[in-house]
Structure formats: structure tokens, C-alpha cells
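Add 249 to a position in the sequence shown, counting from 1, and you land on the number used in the numbering used here.
To keep things clear, I will list the structure first and then write my remarks on it.
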Amino acid sequence: MERLTINRVEILGRVGADPRITLVGEKRNARFPVATKEQFRDRNGGLHEETTWHNVAVWQGKGSPDLEGIRKGVEVHLYGRIRNTKYRGPDGEEKYFSEITANHCEVCKEQAEQIMAPGVYR
């Protein structure tokens, strides 16, 4: 019997740029980067912070917010799966691209209200 495999990722981070929204059939798709931060101590006890950028794709529908609510600086909580794509670039070389295809994406409301408030520069 074949073992079950799992491809699941969950992140809580800040949107790094306004999303690129495209229409695919009757559904909309948003692609945007999300930054997560991790703090750790080195051998000497010094505190360091590491930022990791994730490419994210969200499809409008069940489990996703109104895509208009996703903006640069807003904190989002999402989960989905990692998808790796191989393609041939214009130079003829094989290239690889990884992204998180989100099954669920939630805009953290307090952050969204602060960033989208009138008169607030984002």
C-alpha cells in the first residue's frame, strides 16, 4: 500500500507589493509576495532577524477574501500547497519557480483597517 504524502504550508506575514490580479475564465487570480520574519540567536547570543519572501497565488472564491482587500503592507494568514514549475527561459535555459497556491487566505482585519484608513500613507 502506498503511503499518504502531505504538501501543506501555512504562513502569517505581510504582503510585499500590491497584487497582480488577472481574470482566468470567470474567476480572478491574485499573485503577490509575502514576507515572513524569523528571529534567532547566534552562538554569541546576538539576536538576528531573517526575512523570507514567498510567492503566493490566491484564487477568488471559497476561503479567500475579496481580492481588493489584499494590499501592500497588509498582514495575511494563508495556507495551501507548494507548487514548483519548470520552464525554459528566453535564453534557452531551464528555470524553476516555486509558489504557494493558497486554499485559504485571510486578511488580518486590524492591519487592513489601519493601512486603508483615510489619510494614511501606505
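Just so you know, even glycine gets a beta-carbon here, dropped at the ideal spot from N, CA and C.
As the structure is a prediction and not an experimental result, all values here were calculated from the model.
Nearest-angstrom Cα separation, counted from residue j out to residue i
i	j	result
D267	L327	16 Å
F346	L296	31 Å
N333	P282	16 Å
L272	G310	13 Å
K358	G274	29 Å
Other residues of its chain near residue i: CB distance less than 7 Å, five sequence neighbours each side excluded
i	result
D291	H297
V356	P314, G318, I319, V323 and V325
K335	E343 and Y345
Beta-carbon proximity list for residue i, same chain, < 8 Å, skipping 5 on both sides
i	result
R330	N256, R257, V258, I349, T350 and N352
Short Cβ contact (8 Å threshold) for residue i with residue j
i	j	result
R269	R252	no
Neighbour flag for residue i against chain D, beta carbons, 8 Å
i	result
M250	This model lacks chain D altogether, as it is built from one protein chain only.
Cβ distance (whole Å) where residue i is taken to contact residue j below 8 Å
i	j	result
K276	W308	6 Å
(message) Check whether the region 277 to 290 and the region 254 to 265 are in contact - that is, three or more C-beta pairs closer than 8 Å.
(response) Judged by Cβ distances under 8 Å, the region 277 to 290 makes contact with the region 254 to 265, as three or more pairs qualify.
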